[in-house]
Amino acid sequence: MELDAIQKDALAEFGNIGAAHAATTLSQMLMSPIEMTVPEVQAVDIAELHNYISNEISAVVVFQIQGEVADGGYIVVSMPRETVIQLTNRMLGTTDADREINEMDQSAAIEIGNIMISAFLDATAELLDIVMLPSPPALAIDMAHAAFESIIAQMAGDVNDVLIFNTELTSEAPPVYGGIYLLPNAELMQQLFLMLKRLMEPLP
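Here's what the structure looks like:
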């Protein structure tokens, strides 16, 4: 999918509004100021998605998009191992960063993913004046590209394009990175661009 300048601007605004709400919710949970930015938004063909995903071990939290757009596709948050461990340490007040992802980290990843995606969808759905809700989350700890291959295999060709919101969380600690991947079905993708186009039109 090729985005024109207006679509890129609209998606950047869409992503930044969602990220700002997600950061506010995370700040409340972690009881410390956090900012989340979306420095880059990309729209890619699902067949090319492997070119945009790393091979590193990550926590991949998957939600189906529900609400007014029932079975609208999937939304996924992917966090590299270092990000998961840093956020777990922040939640629990621990400092052990040199470890593999354990059950404690998995629980934290689900909680953080749930908070981020619920806030992201709430904000963006309000912007678009529709209802989008996340299903209960599913978690995979694997090389990121392998986890996404499994997700794509379940979609049975319903999704053609992926919107990638690369995110950066900054706080008093060093910044941590992750990605929010929106895999809408064709109907939801069309709705999104129609609604975003209307939002970007100048007022009469």
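full-length UniProt numbering numbers the first residue of the sequence shown as 1 and each following residue consecutively.
Glycine included, C-beta positions come from ideal geometry on N, C-alpha and C.
By alpha-carbon positions, which one of the options ends up nearest to residue i?
i      : options                        : result
His50  : Asp161, Ile112, His21          : Asp161
Met36  : Ala20, Ala43, Met29            : Ala20
Pro136 : Ile112, Phe193, Gly18          : Ile112
Ala23  : Tyr74, Leu163, Val176, Glu2    : Val176
Glu56  : Ala144, Leu128, Gln191, Gln190 : Ala144
Have a look at residue i and residue j and give me their C-alpha separation to the nearest angstrom.
i           : j      : result
Ala140      : Arg198 : 37 Å
residue 272 : Glu168 : In the structure displayed, the chain extends from 1 to 204; residue 272 sits before or after that span and is not available.
Ser118      : Leu133 : 7 Å
Val77       : Ile151 : 12 Å
Leu196      : Arg99  : 43 Å
Thr170      : Gly72  : 31 Å
Val159      : Ala123 : 23 Å
Ser107      : Ala59  : 10 Å
Go ahead and pull the three-state DSSP assignment for residue i.
i      : result
Asn16  : helix
Leu194 : helix
Val77  : strand
Closer than 7 Å by C-beta to residue i: which residues in its own chain qualify, once you throw out the five before and the five after it? Chain order, please.
i     : result
Thr95 : Asn89
Less than 8 Å between C-beta atoms, sequence neighbours within five positions excluded: which residues of the same chain meet that for residue i?
i      : result
Met104 : Thr88, Leu92
What does a CB cutoff of less than 6 Å around residue i pick up in its chain, not counting 5 residues either side in sequence?
i      : result
Phe165 : Gly15, Val38, Val41, Ile180
Gly67  : Val131, Met132, Leu133
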